[in-house]
Amino acid sequence: MTDGLTHSIAGIDDVVDRLSQYPDRVQKRVATAAARKGANVLRDAARLRASKLDDPDTPRNISLNIVAQSAARLGRENGGVAMRVGVLGGARPSSESGTDANPGGSTQHWRMLEFGTQHMPAQPIFRPAAAESQQAVFSAMADEFNKRLDRLERDN
314 MTDGLTHSIA GIDDVVDRLS QYPDRVQKRV ATAAARKGAN VLRDAARLRA
364 SKLDDPDTPR NISLNIVAQS AARLGRENGG VAMRVGVLGG ARPSSESGTD
414 ANPGGSTQHW RMLEFGTQHM PAQPIFRPAA AESQQAVFSA MADEFNKRLD
464 RLERDN
């Protein structure tokens, strides 16, 4: 389910021109670092929202299980770099082993909070976090792109 978040980035042509001067390995390394910075901003916003919903009386902690990961297959399919932000063990049923080993324990109930049920209204974590931090994500990515490209140009 996607809410269709879109954003236009001014000056992206300059970054692409600067980046195209380097080999593919270097381009991927710079793009991965920038994407990770942006994903970490989104991860932190989602953790903040999740910490407000977590029950302090239980040992399970959704916010500790929210992580930013590289989506290598998606990146290869689309010809670039992709990152994803999500909940560790979020798609596994609680009967599967290994989910209690996550930092926040077994937290499959995050889906009920995010999407709601017929008995409980949704208390979304990720969708509002993405909408609220959209500008900060792109700013962090742009800053990291410029920092890495400036370093490459200085070293060469």
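So the number in the working numbering is just where the residue sits in the sequence shown, counting from 1, plus 313.
We put the beta carbon where it would ideally sit given N, CA and C, even for glycine.
Where the alpha helix (DSSP H) containing residue i begins and where it ends
i	result
SER364	337 to 366
ILE375	375 to 378
PRO441	439 to 445
ASP326	325 to 332
GLY388	385 to 391
Residues of its chain near residue i, where Cβ-Cβ distance is below 6 angstroms and the 5 sequence neighbours each way are ignored
i	result
PRO372	GLY418
PHE458	VAL328 and ALA347
THR345	VAL394
7 angstroms Cβ cutoff met for residue i and residue j
i	j	result
VAL394	ALA449	no
ILE438	ALA363	yes
ALA358	SER452	no
VAL400	ALA352	no
LYS350	MET454	yes
VAL343	ARG467	no
ARG360	SER376	yes
ASP368	ASN374	no
Status (buried if at least 16 other CB within 10 Å, exposed otherwise) for residue i
i	result
ASP463	exposed
ASN415	buried
MET433	exposed
ILE558	Because the chain is modelled from 314 through 469, residue 558 falls outside the range shown and cannot be assessed.
MET314	Unreliable positioning characterises MET314 in this predicted model, as indicated by a pLDDT of 46, which lies under 50. The coordinate reading is nonetheless provided below. MET314 is exposed by the Cβ-count criterion.
ASN378	buried
GLY392	exposed
LEU355	buried
Endpoints, beta strand (DSSP E) assigned at residue i
i	result
MET433	From DSSP, MET433 is part of no beta strand (DSSP E); its letter is neither H nor E.
VAL398	396 to 400
Own chain residues within Cβ distance below 7 angstroms of residue i, not counting five before or after
i	result
MET425	MET433
GLN436	LEU366 and LEU426
- Message: For the segment 422 to 429 against the segment 324 to 336, do three or more pairs of beta-carbon atoms, one drawn from each stretch, fall closer than 8 angstroms, so that the two count as touching?
- Response: no
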